[in-house]
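Student: My questions all concern the structure below.
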Amino acid sequence: MISNVISLLIAIPLLGAVISFYAGTKAKFVALIASLIPLALSLQMYMEFDKTSKIMQFVESYNWVPSLGVKYTVGIDGIGFPLVLLSTIVSVLVIIYSWGETKKPNQYFALLLLNEVGVLGVFTSLDFFLFYIFWEIVLIPMFFLIGSWGGPRKDYAAVKFFIYTHVASLVMLLAIFALYFTYQMPDGSRTFDMLTLLAATADKTIFPTSMLNIIFAGLLLGFLVKMPAFPFHTWLPDAHVEAPTAGSVVLAALLLKMGGYGLFRIILPMLPHVDKAFVTIIAIIAVISIVYGAFMALAQKDIKKLVAYSSVSHMGFVTLGAVAFTWMSVTGAMFQQFSHGIITCVLFMSAGTIQHVVGTRVIADLGGLADRMPKFAVIMMAGFMASLGLPGMSGFVAEFMVLTGSFATLPVYTMIVVFLSIVTTAAYHLWALQKAMFGPILKKYMNVHEPHAYELFSMAMIIVLSLIFGLQPGLITDIMGTAATQVMEPVMTLTQMGVI
Amino acid sequence: MEFSHYAPLWGEALLTILAVLVVLLGSLMKNSGKLMGYLSAAGLVAALALVASNLTIKPTLFFFDTISVDALSQFFKVVFLVVSLLVVIASMSKYTGKGADEYFALLLFATVGMMVVSSSVDIITLFVGFELASLSTYALAAFDRSRKNLEAAMKYFIFGSVASAFMLFGFSLLYGMAGSTHLVDIAAASLANFGPATLVALLFVIVGFGFKMALVPFHMWAPDTYEGAPPLVSALLAAGSKKMGFVAAFRVILIALVALRMEWYMAFAILAALTMTLGNLAACWQNNVRRILAYSSIAQAGYIAIAFVVVGAAYGAMPVNVLNMGPIRADQLGIAGALLLILGHALMKTGAFIGTALVSSNVSKESETDPDDISNYAGLAKRAPITAFCMLIFMFALAGIPPTAGYIGKFVLFSSAIYSGLVWLAVLAILNSALSLVYYLRIISYMYLKEAAGPKIKEQKGYVVALVLTLLAVVWIGVFPEAFINWAMQAAAVLLPQ
Numbered sequence: 000m001i002s003n004v005i006s007l008l009i010a011i012p013l014l015g016a017v018i019s020f021y022a023g024t025k026a027k028f029v030a031l032i033a034s035l036i037p038l039a040l041s042l043q044m045y046m047e048f049d050k051t052s053k054i055m056q057f058v059e060s061y062n063w064v065p066s067l068g069v070k071y072t073v074g075i076d077g078i079g080f081p082l083v084l085l086s087t088i089v090s091v092l093v094i095i096y097s098w099g100e101t102k103k104p105n106q107y108f109a110l111l112l113l114n115e116v117g118v119l120g121v122f123t124s125l126d127f128f129l130f131y132i133f134w135e136i137v138l139i140p141m142f143f144l145i146g147s148w149g150g151p152r153k154d155y156a157a158v159k160f161f162i163y164t165h166v167a168s169l170v171m172l173l174a175i176f177a178l179y180f181t182y183q184m185p186d187g188s189r190t191f192d193m194l195t196l197l198a199a200t201a202d203k204t205i206f207p208t209s210m211l212n213i214i215f216a217g218l219l220l221g222f223l224v225k226m227p228a229f230p231f232h233t234w235l236p237d238a239h240v241e242a243p244t245a246g247s248v249v250l251a252a253l254l255l256k257m258g259g260y261g262l263f264r265i266i267l268p269m270l271p272h273v274d275k276a277f278v279t280i281i282a283i284i285a286v287i288s289i290v291y292g293a294f295m296a297l298a299q300k301d302i303k304k305l306v307a308y309s310s311v312s313h314m315g316f317v318t319l320g321a322v323a324f325t326w327m328s329v330t331g332a333m334f335q336q337f338s339h340g341i342i343t344c345v346l347f348m349s350a351g352t353i354q355h356v357v358g359t360r361v362i363a364d365l366g367g368l369a370d371r372m373p374k375f376a377v378i379m380m381a382g383f384m385a386s387l388g389l390p391g392m393s394g395f396v397a398e399f400m401v402l403t404g405s406f407a408t409l410p411v412y413t414m415i416v417v418f419l420s421i422v423t424t425a426a427y428h429l430w431a432l433q434k435a436m437f438g439p440i441l442k443k444y445m446n447v448h449e450p451h452a453y454e455l456f457s458m459a460m461i462i463v464l465s466l467i468f469g470l471q472p473g474l475i476t477d478i479m480g481t482a483a484t485q486v487m488e489p490v491m492t493l494t495q496m497g498v499i
Numbered sequence: 000m001e002f003s004h005y006a007p008l009w010g011e012a013l014l015t016i017l018a019v020l021v022v023l024l025g026s027l028m029k030n031s032g033k034l035m036g037y038l039s040a041a042g043l044v045a046a047l048a049l050v051a052s053n054l055t056i057k058p059t060l061f062f063f064d065t066i067s068v069d070a071l072s073q074f075f076k077v078v079f080l081v082v083s084l085l086v087v088i089a090s091m092s093k094y095t096g097k098g099a100d101e102y103f104a105l106l107l108f109a110t111v112g113m114m115v116v117s118s119s120v121d122i123i124t125l126f127v128g129f130e131l132a133s134l135s136t137y138a139l140a141a142f143d144r145s146r147k148n149l150e151a152a153m154k155y156f157i158f159g160s161v162a163s164a165f166m167l168f169g170f171s172l173l174y175g176m177a178g179s180t181h182l183v184d185i186a187a188a189s190l191a192n193f194g195p196a197t198l199v200a201l202l203f204v205i206v207g208f209g210f211k212m213a214l215v216p217f218h219m220w221a222p223d224t225y226e227g228a229p230p231l232v233s234a235l236l237a238a239g240s241k242k243m244g245f246v247a248a249f250r251v252i253l254i255a256l257v258a259l260r261m262e263w264y265m266a267f268a269i270l271a272a273l274t275m276t277l278g279n280l281a282a283c284w285q286n287n288v289r290r291i292l293a294y295s296s297i298a299q300a301g302y303i304a305i306a307f308v309v310v311g312a313a314y315g316a317m318p319v320n321v322l323n324m325g326p327i328r329a330d331q332l333g334i335a336g337a338l339l340l341i342l343g344h345a346l347m348k349t350g351a352f353i354g355t356a357l358v359s360s361n362v363s364k365e366s367e368t369d370p371d372d373i374s375n376y377a378g379l380a381k382r383a384p385i386t387a388f389c390m391l392i393f394m395f396a397l398a399g400i401p402p403t404a405g406y407i408g409k410f411v412l413f414s415s416a417i418y419s420g421l422v423w424l425a426v427l428a429i430l431n432s433a434l435s436l437v438y439y440l441r442i443i444s445y446m447y448l449k450e451a452a453g454p455k456i457k458e459q460k461g462y463v464v465a466l467v468l469t470l471l472a473v474v475w476i477g478v479f480p481e482a483f484i485n486w487a488m489q490a491a492a493v494l495l496p497q
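Below is the structure:
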């Protein structure tokens, strides 16, 4: 076992980012190595990870600013670890996918690595202050990825992305400060320690419900904007449409997961202690996100925007599963985070590949591409099937678990989702796929050809992963199951919470 | 009395002698610009070392109790010396020819003036230091003798003089009331016979300092002056001479007029709220980068002014367990936060103005438009990569994004506001920080996202050295803030009775 493995995990991409910045055209090799090492480390951690343990593992803790109670504390448990794994996998694949990037490649790969640093930091920090720093760090590379490599309205999209999510983070920061300034440790000192503060929220004498409600709402807003959930999703389509492919992939696969991670890590432990109405509010937001996302996707002309709205819809399942608060639904929601994280990569990569091979992403202008790019068509079809929830792929397992688990506690909401979104989801996926890839080939596309091998490789890897986790979900749901038990330990059901 | 008795003041003495020497040598030698630059830099480094050797000295009085060398004065002296040093280093690339000796001499005199102010515990000494610094900077503001310079200097001079007049009138009332010019005597007198005259004096003093600190509504001169003065002088004005206003206000208002704290508490609450909000809002609409920075520095003055409100609200409160520093007082914490913010802001603003100096000095040659217009920053990342990167960090630091020097002061200051029951002010300040990101981000997006507005700029050595040094300091304070927090706490204790 390697000591300080989490710090290494964060430090290596950071070092890689600095080296790539000065590596000129060789940056991609540096980036690949700097992302493969964390992948290897995280696989090694997977081997050593105790799947049945409910306590933090691989913990490191050092004093940073003692007078403010800020510590450098990192560690992982079943909530964070699957996302760490996801981040290292996606980072490698996205770097491979971007192998042909020629515009300022040194900065491009450096920013991708910096993004990895940020998300890994978010998923492993156990100190609110550190958590917030990483949470903000993530914005910076994404801002530049959208702003420098983006489409025609990149400036607008980059600034909107930054301001929108930064304001949400600030609301979150205010809530964190409220926790920090209210809670005193037995010896009178203050702490930013996440687990200590969260445990303290259970104490009604320190945090009266009326006050905790406000804190909770602030934190919730920070996470819902990031996820994004209706009605805070409007930054996402703009950011996605203008972002370069790799930016979109990282945004959808990793950045959105930060919001979901916040739900499990911070929101669920507090949920039993706040006003019961929050359960209803979150459930309604979740249902609207799922249904509204699906219908909006159906209405899109741009295939990338379609995928963007499908993210809103799929992330709604995470919110629903979390708030339904059964063991099955919470595990399913965590698995949906992981599953959506990998599947959405192939969707955005497909959209990106179509854009640069054909020159347009407007679905109506496409047609019959499968004829000229059969390999790509197979992979893209597999990706779309995974996304719409084909049994055997990971998306199906995750959404099935969420729906089954949620039905027990939130039957009405679940039925609305089942009736309104499942067919719609299938419809927009199949319609877009059919229109873009199949049918008679259009004359103007006679000259298109298969994309580069590295693009196909990274997409194919994701399909393989989706199949593996679809057929053997236990590989990762074992970890998540333990985490779900751990989250729900104080109160096991919504009934005990007094909601229903 | 022995010469070594004055050891804590050797820094000021050295710089005064050096300034005179620079003028003398400059009139005797031709083409001595470079030498003067090096001489000034060396002098400032030596003065810095002298000040640093007495960093947390116990309060010691000199010259009939008019000058006090204590942790607070040393804190500000370090800030002033560092700012001047950075400006001198950057200036070595610009002022090399004729007149350079005058430039460096004025800069040294201004620094001495600021140092005297930071040590003054007597209103006359304070006023003399103030005028020494102000007169030197009036001349510096017009140094390049362009139309804009003259306009800026004129405005600065008129507003500065009016502010001085207000201040002096307030001082005269204080003297009439107390019969002494020492701050401690005035404090005792104002406590003993509190009357309308004291209130009028307070009003005049607040207005006078309000001008110097550029609090809304006394801020109008700042954007015009910072925009029109030579950019390196703007760095000195925003980072140095403005902070002089703060140290003077701290001493006069918190020590001499503490009896009236219920009166100035409300005044500063309104001033702080107005200043940060209007400063930030106004900055969003500017197209001139130096005006943006000017309004941002007005907004920062608003944050710093929160310290007065905190002291007013929590003066003499019982020590409580705040943060993790054991039992301390909220008022002390508030001043410490303000000091940290002053230190951080001085560095960030110096860096940012040096960056604008580099850009405008290279742009003005080729275009007839306003050299500080934001359009000239388009694609700066390509044209001047080091400058752009440093500016990027300064912008994030000014917005208070950790881990840079900007966040630590805000954190401590806003915490103290929360501890003293001023939650509304803390929330307003945090929301203002969010708002400020709008215009900082605008500069960043011009530098990094737009197509380059021209060919590559040659980044002169002096500017680059100054920028990189500032950058290192800004990051250092942010990553290892512990020592700075302790230092600021010690300095803050000077202002409060034990």
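Chains as they are written, first to last, in numbering that gives the first Met the number 0: chain C, 0 to 499; chain B, 0 to 497.
Every residue, glycine too, gets a C-beta built ideally from N, C-alpha and C.
Please read these numbers as outputs of a predicted model, since none were measured by experiment.
Taking the straight line between their C-alpha atoms, what separation do you get for Asn30 of chain B and Met153 of chain B?
Tutor: Reading the second sequence from its first residue, position 31 is the one you call residue 30 of chain B. Reading the second sequence from its first residue, position 154 is the one you call residue 153 of chain B. C-alpha separation (whole angstroms): 29 Å.
Student: Which two residues bound the contiguous alpha helix (DSSP H) that contains Tyr155 of chain B?
Tutor: Residue mapping note: residue 155 of chain B aligns to position 156 of the second sequence, counting from 1. Residues Arg146 to Ala177.
Student: Is it true that the region 238-256 of chain B meets the region 74-92 of chain B, where meeting means three or more beta-carbon pairs spaced less than 8 Å apart?
Tutor: A contact exists between the region 238-256 of chain B and the region 74-92 of chain B.
Student: My understanding is that Ala162 of chain B touches Lys211 of chain B, with C-beta atoms under 8 Å, so please give their C-beta distance in whole angstroms.
Tutor: Taking the second sequence and counting its residues from 1, one reaches residue 162 of chain B at position 163. Taking the second sequence and counting its residues from 1, one reaches residue 211 of chain B at position 212. The pair is a contact, with the Cβ atoms about 6 Å apart (cut-off 8 Å).
Student: What's the gap between the Cα of Lys50 of chain C and the Cα of Met226 of chain C?
Tutor: Locating residue 50 of chain C in the first sequence gives position 51, counting from the first residue. Locating residue 226 of chain C in the first sequence gives position 227, counting from the first residue. If you take the alpha carbons of Lys50 of chain C and Met226 of chain C, they lie about 27 Å apart.
Student: Would the region 419-437 of chain C count as touching the region 287-300 of chain C if we require 3 or more Cβ pairs under 8 Å?
Tutor: Enough Cβ pairs lie closer than 8 Å, so yes.
Student: Have a look at Val81 of chain B and Leu47 of chain B and give me their C-alpha separation to the nearest angstrom.
Tutor: Locating residue 81 of chain B in the second sequence gives position 82, where the first residue counts as 1. Locating residue 47 of chain B in the second sequence gives position 48, where the first residue counts as 1. Roughly 8 Å separates the two Cα atoms.
Student: Of the residues B:Glu11, B:Leu495 and B:Ile407, which one's Cα is nearest the Cα of Pro480 of chain B?
Tutor: To locate residue 480 of chain B, count along the second sequence from 1; it is residue 481. The candidate whose alpha carbon is nearest that of Pro480 of chain B is B:Ile407.
Student: Within 8 Å of any Cβ in chain B, is that where the Cβ of Phe161 of chain C sits?
Tutor: Here residue 161 of chain C refers to the residue found at position 162 of the first sequence. Yes, Phe161 of chain C lies at the interface with chain B (some Cβ there is under 8 Å from its Cβ).
Student: Are the region 264-274 of chain B and the region 206-223 of chain B touching by the rule of at least three beta carbon pairs closer than 8 Å?
Tutor: Enough Cβ pairs lie closer than 8 Å, so yes.
Student: Hey, how far is the Cα of Val206 of chain B from the Cα of Leu332 of chain B?
Tutor: One-based indexing of the second sequence puts residue 206 of chain B at position 207. One-based indexing of the second sequence puts residue 332 of chain B at position 333. Taking the straight line from one Cα to the other gives about 25 Å.
Student: One question on the structure: do Ala452 of chain B and Gly354 of chain B come within less than 8 Å of each other, judged by their Cβ atoms?
Tutor: Stepping through the second sequence from its first residue, residue 452 of chain B is reached at position 453. Stepping through the second sequence from its first residue, residue 354 of chain B is reached at position 355. Not in contact: Ala452 of chain B and Gly354 of chain B (Cβ atoms no closer than 8 Å).
Student: Report yes or no: do three or more beta-carbon pairs, one from the region 192-201 of chain C and one from the region 253-262 of chain C, lie closer than 8 Å?
Tutor: No: the two stretches stay apart, fewer than three of their Cβ pairs being nearer than 8 Å.
Student: Bridge partners of Leu255 of chain C, per DSSP?
Tutor: Counting from 1 along the first sequence, the entry for residue 255 of chain C is found at position 256. Paired residue(s): none; Leu255 of chain C is not in a bridge.
Student: Please work out which residues of its chain come closer than 6 Å, Cβ to Cβ, to Val463 of chain B, disregarding the five sequence neighbours upstream and downstream, and give them in chain order.
Tutor: Taking the second sequence and counting its residues from 1, one reaches residue 463 of chain B at position 464. Same-chain partners within the cutoff: Ile385.
Student: What residue range is occupied by the uninterrupted beta strand (DSSP E) comprising Thr72 of chain C?
Tutor: To locate residue 72 of chain C, count along the first sequence from 1; it is residue 73. Val69 to Ile75 is the extent of the beta strand (DSSP E) around Thr72 of chain C.
Student: Is there at least one Cβ from chain A nearer than 8 Å to Pro402 of chain B's Cβ?
Tutor: Although the question refers to chain A, the structure presented lacks it and instead comprises the protein chains C and B.
Student: Would you call the CB atoms of Leu250 of chain C and His239 of chain C closer than 8 Å?
Tutor: One-based indexing of the first sequence puts residue 250 of chain C at position 251. One-based indexing of the first sequence puts residue 239 of chain C at position 240. Yes, these two residues count as a Cβ contact at 8 Å.
Student: Am I right that Asp121 of chain B and Leu182 of chain B are in contact with their C-beta atoms under 8 Å? What's the rounded C-beta distance?
Tutor: Position 122 of the second sequence holds residue 121 of chain B. Position 183 of the second sequence holds residue 182 of chain B. Right, the Cβ-Cβ distance comes to about 7 Å (below 8 Å), so this counts as a contact.
Student: Closer than 7 Å, Cβ to Cβ, to anything on chain B: give me those residues from the region 131-143 of chain C, in chain order.
Tutor: Residues passing the 7 Å Cβ filter: Ile132, Glu135 and Phe143.
Student: Given that Met324 of chain B touches chain C, what residues does it touch there, using C-beta distances under 7 Å?
Tutor: Stepping through the second sequence from its first residue, residue 324 of chain B is reached at position 325. By Cβ distance, chain C contributes Ser66.
Student: Can you check the region 14-90 of chain B for any beta strand (DSSP E) of at least 3 residues that lies completely inside it and give the ranges in chain order?
Tutor: The region 14-90 of chain B contains these whole beta strand (DSSP E) runs: 59-61 and 66-68.
Student: Secondary structure at Pro230 of chain B, three-state DSSP: helix, strand or coil?
Tutor: Here residue 230 of chain B is taken as the residue at index 231 of the second sequence, counted from 1. The answer is helix: DSSP assigns Pro230 of chain B an H, G or I state.
Student: Strictly under 8 Å for the Cβ-Cβ distance: is Asp154 of chain C near chain B by that measure?
Tutor: Counting from one through the first sequence, the residue named residue 154 of chain C turns up at place 155. It does; some Cβ of chain B falls within 8 Å.
Student: Whose Cβ in chain B lies nearer than 7 Å to the Cβ of Val158 of chain C?
Tutor: As a working mapping, residue 158 of chain C is identified with position 159 in the first sequence. Here the neighbours are Leu440 and Ser444.
Student: Between Ile476 of chain B and chain C, is there a C-beta pair that is closer than 8 Å?
Tutor: As a first step, residue 476 of chain B is located in the second sequence; it is residue number 477 there, counting from the start. So no, Ile476 of chain B is outside the interface.
Student: Tell me whether the beta-carbon of Ala506 of chain C lies closer than 8 Å to the beta-carbon of Ile145 of chain C.
Tutor: The question about residue 506 of chain C has no answer here: the residues shown for chain C are numbered 0 through 499.
Student: Give a single yes or no on whether Leu8 of chain B has its beta carbon closer than 7 Å to a heavy atom of the ligand GTP.
Tutor: Because no ligand of any kind appears in the structure shown, any question about the ligand GTP cannot be addressed here.
Student: Taking only the alpha-carbon atoms, compute the straight-line gap between Gly404 of chain C and Val322 of chain C and give it to the nearest angstrom.
Tutor: To locate residue 404 of chain C, count along the first sequence from 1; it is residue 405. To locate residue 322 of chain C, count along the first sequence from 1; it is residue 323. If I take the Cα positions, the gap works out to 11 Å.
Student: Tell me the rounded alpha-carbon separation between Ile500 of chain C and Lys203 of chain C.
Tutor: Nothing about residue 500 of chain C can be reported from this structure: the residues present for chain C run from 0 to 499 only.
Student: What are the start and end residues of the beta strand (DSSP E) that includes Val137 of chain C?
Tutor: Start at 1 with the first residue of the first sequence, and residue 137 of chain C comes out as number 138. Careful: Val137 of chain C lies outside any beta strand (DSSP E) and carries neither H nor E.
Student: For a quick check, are the C-beta atoms of Asp64 of chain B and Ile56 of chain B less than 8 Å apart?
Tutor: Taking the second sequence and counting its residues from 1, the one referred to as residue 64 of chain B is at position 65. Taking the second sequence and counting its residues from 1, the one referred to as residue 56 of chain B is at position 57. No, they are not a contact pair.
Student: Would you be able to state if there are at least three C-beta pairs under 8 Å between the region 437-452 of chain C and the region 300-320 of chain C?
Tutor: No, because fewer than three Cβ pairs between the region 300-320 of chain C and the region 437-452 of chain C fall closer than 8 Å, the two stretches do not touch.
Student: Please confirm whether His239 of chain C has its beta-carbon closer than 8 Å to some beta-carbon of chain B.
Tutor: Counting from 1 along the first sequence, the entry for residue 239 of chain C is found at position 240. No - not a single Cβ of chain B is within 8 Å of the one on His239 of chain C.
Student: Could you check whether Ala435 of chain C and Leu346 of chain C sit closer than 8 Å to each other, using their CB atoms as the reference points?
Tutor: The residue given as residue 346 of chain C occupies position 347 in the first sequence. The residue given as residue 435 of chain C occupies position 436 in the first sequence. No, these two residues do not count as a Cβ contact at 8 Å.
Student: Which chain C residues sit within Cβ distance under 7 Å of Glu481 of chain B?
Tutor: Taking the second sequence and counting its residues from 1, the one referred to as residue 481 of chain B is at position 482. Neighbours of Glu481 of chain B on chain C, chain order: Val64, Pro65 and Ser66.
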